[in-house]
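In this text, residue positions in the sequence shown follow the UniProt record's numbering: the first is 1, and each later residue adds one.
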Amino acid sequence: MTAEDSMGTDAVWDDLLEDAAGIAEEYREEGWDAVVLEPTDVSPVESDDRTGLDVAVSQSAYELVEGLIEDGDVTISAADVYYRPLEEGDGDRRVALAVERDEETETAVLVPLVYDVSACRSVFETALLEAELLVHVAADPVAGWVTFSHDDPSLFLEESDVQAWSEE
(Lines of atoms letter the chains of each structure in order from A and count residues from 1; the text may use other names and numbers.)
(Lines give C-alpha, C1' and ligand atoms only; values in the text may rest on other atoms or scores of the structure.)
Protein backbone atom coordinates (compact mmCIF):
# COMPACT_ATOMS: atom_id res chain seq x y z
CA MET A 1 0.00 0.00 0.00
CA THR A 2 1.59 3.25 -1.05
CA ALA A 3 1.51 6.39 1.00
CA GLU A 4 -0.72 7.97 -1.61
CA ASP A 5 -3.19 5.06 -1.37
CA SER A 6 -3.34 5.00 2.40
CA MET A 7 -2.48 8.44 3.68
CA GLY A 8 -3.15 12.08 3.04
CA THR A 9 -6.36 11.91 1.02
CA ASP A 10 -8.18 9.43 3.20
CA ALA A 11 -10.77 10.47 5.80
CA VAL A 12 -9.71 7.63 8.14
CA TRP A 13 -6.08 8.82 7.98
CA ASP A 14 -7.16 12.43 8.55
CA ASP A 15 -9.23 11.33 11.56
CA LEU A 16 -6.23 9.42 12.95
CA LEU A 17 -4.02 12.50 12.62
CA GLU A 18 -6.68 14.59 14.36
CA ASP A 19 -6.89 12.01 17.16
CA ALA A 20 -3.09 12.05 17.48
CA ALA A 21 -3.10 15.85 17.70
CA GLY A 22 -5.85 15.73 20.35
CA ILE A 23 -4.03 13.13 22.45
CA ALA A 24 -0.79 15.12 22.13
CA GLU A 25 -2.61 18.22 23.35
CA GLU A 26 -3.88 16.28 26.38
CA TYR A 27 -0.29 15.32 27.19
CA ARG A 28 0.82 18.94 26.79
CA GLU A 29 -1.94 20.10 29.14
CA GLU A 30 -0.47 17.71 31.72
CA GLY A 31 2.97 19.31 31.27
CA TRP A 32 4.45 16.74 28.87
CA ASP A 33 6.43 17.38 25.71
CA ALA A 34 4.60 15.65 22.86
CA VAL A 35 5.72 15.11 19.27
CA VAL A 36 3.26 13.95 16.61
CA LEU A 37 4.84 12.31 13.58
CA GLU A 38 3.12 12.40 10.19
CA PRO A 39 4.38 9.36 8.28
CA THR A 40 4.47 9.43 4.51
CA ASP A 41 4.59 5.64 4.27
CA VAL A 42 4.40 2.55 6.48
CA SER A 43 5.75 -0.70 5.09
CA PRO A 44 6.95 -4.10 6.29
CA VAL A 45 10.69 -4.69 6.50
CA GLU A 46 12.50 -7.99 6.93
CA SER A 47 16.23 -7.64 6.48
CA ASP A 48 19.47 -8.50 8.24
CA ASP A 49 19.44 -5.01 9.80
CA ARG A 50 15.90 -4.92 11.07
CA THR A 51 12.47 -6.53 11.01
CA GLY A 52 9.16 -4.84 11.69
CA LEU A 53 7.35 -1.83 10.32
CA ASP A 54 9.31 0.92 8.57
CA VAL A 55 7.73 4.32 9.14
CA ALA A 56 8.92 6.98 6.71
CA VAL A 57 8.85 10.56 8.00
CA SER A 58 10.29 13.89 6.91
CA GLN A 59 13.95 14.61 7.60
CA SER A 60 13.06 17.31 10.14
CA ALA A 61 10.68 14.97 12.03
CA TYR A 62 13.30 12.23 12.08
CA GLU A 63 16.00 14.60 13.34
CA LEU A 64 13.69 15.72 16.15
CA VAL A 65 12.97 12.15 17.29
CA GLU A 66 16.57 11.04 16.80
CA GLY A 67 17.75 14.02 18.85
CA LEU A 68 15.44 13.09 21.70
CA ILE A 69 16.30 9.39 21.73
CA GLU A 70 19.89 9.18 20.52
CA ASP A 71 21.16 11.97 22.78
CA GLY A 72 20.04 9.89 25.74
CA ASP A 73 17.76 12.57 27.16
CA VAL A 74 14.67 10.46 26.53
CA THR A 75 14.36 6.73 27.22
CA ILE A 76 11.09 5.25 26.05
CA SER A 77 9.88 3.06 28.90
CA ALA A 78 6.17 2.66 28.12
CA ALA A 79 3.77 2.70 25.22
CA ASP A 80 0.08 2.75 24.46
CA VAL A 81 -1.47 1.47 21.26
CA TYR A 82 -4.81 2.81 20.13
CA TYR A 83 -6.13 0.49 17.45
CA ARG A 84 -9.02 1.65 15.29
CA PRO A 85 -11.36 -1.23 14.39
CA LEU A 86 -12.05 -1.93 10.75
CA GLU A 87 -14.75 -0.09 8.90
CA GLU A 88 -16.87 -1.65 6.21
CA GLY A 89 -14.83 -1.95 3.04
CA ASP A 90 -11.42 -1.40 4.64
CA GLY A 91 -10.35 -4.93 3.67
CA ASP A 92 -6.71 -5.49 4.60
CA ARG A 93 -6.04 -1.98 5.86
CA ARG A 94 -5.33 -1.49 9.56
CA VAL A 95 -5.01 1.79 11.47
CA ALA A 96 -3.32 2.33 14.84
CA LEU A 97 -1.68 5.04 16.90
CA ALA A 98 1.41 4.14 18.92
CA VAL A 99 2.19 6.52 21.78
CA GLU A 100 5.80 6.02 22.89
CA ARG A 101 6.39 7.47 26.38
CA ASP A 102 9.22 8.37 28.72
CA GLU A 103 7.53 8.72 32.11
CA GLU A 104 10.59 10.25 33.77
CA THR A 105 11.08 13.15 31.32
CA GLU A 106 7.36 13.30 30.50
CA THR A 107 7.96 13.03 26.78
CA ALA A 108 5.64 11.33 24.29
CA VAL A 109 6.18 10.51 20.63
CA LEU A 110 2.96 9.75 18.77
CA VAL A 111 3.30 7.53 15.70
CA PRO A 112 0.16 7.19 13.55
CA LEU A 113 0.20 4.00 11.46
CA VAL A 114 -1.80 2.71 8.52
CA TYR A 115 -0.74 -0.55 6.90
CA ASP A 116 -1.89 -3.44 4.73
CA VAL A 117 -2.08 -6.48 6.99
CA SER A 118 -1.64 -8.93 4.10
CA ALA A 119 1.58 -7.21 3.02
CA CYS A 120 2.75 -7.19 6.66
CA ARG A 121 1.62 -10.72 7.52
CA SER A 122 5.11 -12.25 7.74
CA VAL A 123 6.30 -9.39 9.95
CA PHE A 124 3.32 -9.79 12.27
CA GLU A 125 3.60 -13.58 12.42
CA THR A 126 7.25 -13.24 13.44
CA ALA A 127 6.37 -10.50 15.93
CA LEU A 128 3.63 -12.63 17.50
CA LEU A 129 6.00 -15.58 17.87
CA GLU A 130 8.74 -13.40 19.37
CA ALA A 131 6.30 -11.26 21.43
CA GLU A 132 7.83 -8.09 20.02
CA LEU A 133 6.88 -5.79 17.15
CA LEU A 134 9.52 -3.26 16.18
CA VAL A 135 8.52 0.08 14.66
CA HIS A 136 11.41 1.78 12.87
CA VAL A 137 11.12 5.53 12.22
CA ALA A 138 13.39 6.93 9.53
CA ALA A 139 13.70 9.62 6.89
CA ASP A 140 16.36 7.62 5.05
CA PRO A 141 16.70 4.03 6.32
CA VAL A 142 20.19 3.78 4.82
CA ALA A 143 21.34 6.64 7.06
CA GLY A 144 19.74 5.27 10.24
CA TRP A 145 16.53 4.86 12.17
CA VAL A 146 15.00 5.04 15.63
CA THR A 147 13.30 1.85 16.81
CA PHE A 148 10.38 1.52 19.19
CA SER A 149 9.52 -1.90 20.63
CA HIS A 150 6.06 -3.26 21.45
CA ASP A 151 5.74 -6.48 23.45
CA ASP A 152 2.14 -7.16 22.41
CA PRO A 153 1.94 -7.18 18.60
CA SER A 154 -1.68 -8.34 18.75
CA LEU A 155 -2.63 -4.76 19.68
CA PHE A 156 -1.95 -3.81 16.05
CA LEU A 157 -4.29 -6.44 14.57
CA GLU A 158 -7.87 -7.56 14.43
CA GLU A 159 -8.47 -10.71 16.46
CA SER A 160 -9.84 -12.26 13.27
CA ASP A 161 -6.45 -11.74 11.56
CA VAL A 162 -4.66 -13.90 14.11
CA GLN A 163 -7.45 -16.49 14.11
CA ALA A 164 -7.41 -16.79 10.30
CA TRP A 165 -3.63 -17.23 10.26
CA SER A 166 -3.69 -19.92 12.95
CA GLU A 167 -6.41 -21.83 11.08
CA GLU A 168 -4.28 -22.07 7.91
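We treat Cβ as the ideally placed atom computed from N, Cα and C, and that holds for glycine.
CB of residue i to nearest heavy atom of the ligand GDP: below 7 angstroms?
i, result
"residue 105", "Ligands are entirely absent from the displayed structure, and the ligand GDP is therefore not among its contents."
For residue i, which of the options has the nearest alpha-carbon?
i, options, result
"residue 109", "141, 134, 74, 165", "74"
"residue 32", "107, 128, 155, 149", "107"
"residue 68", "145, 156, 157", "145"
"residue 87", "166, 158, 35, 124", "158"
"residue 15", "112, 151, 166", "112"
"residue 151", "142, 52, 28, 45", "52"
When DSSP labels each residue in this structure, what does residue i get in the three-state scheme?
i, result
"residue 153", "helix"
"residue 28", "helix"
"residue 164", "helix"
"residue 19", "helix"
"residue 33", "strand"
"residue 126", "helix"
By Cβ distance, which residues of its chain are closer than 8 angstroms to residue i, with the 5 residues on each side in sequence left out?
i, result
"residue 162", "128, 154"
"residue 138", "54, 55, 56, 57, 62, 144, 145, 146"
Looking at the strands, I want to know which residues DSSP matches up with residue i.
i, result
"residue 85", "Residue 85 pairs with nothing; no bridge assigned."
"residue 52", "45"
"residue 101", "78, 108"
"residue 146", "137"
"residue 113", "96"
Since residue i contacts residue j with CB under 8 angstroms, what's their CB separation in whole angstroms?
i, j, result
"residue 147", "residue 133", "About 11 angstroms; that fails the 8 angstroms criterion."
"residue 96", "residue 81", "6 angstroms"
"residue 42", "residue 114", "6 angstroms"
"residue 122", "residue 18", "That belief does not hold up - the Cβ atoms of residue 122 and residue 18 are roughly 32 angstroms apart, past 8 angstroms."
Output needed for residue i: all residues of its chain with C-beta closer than 6 angstroms, excluding positions within five of it in sequence on either side, in chain order.
i, result
"residue 117", "92, 94, 161"
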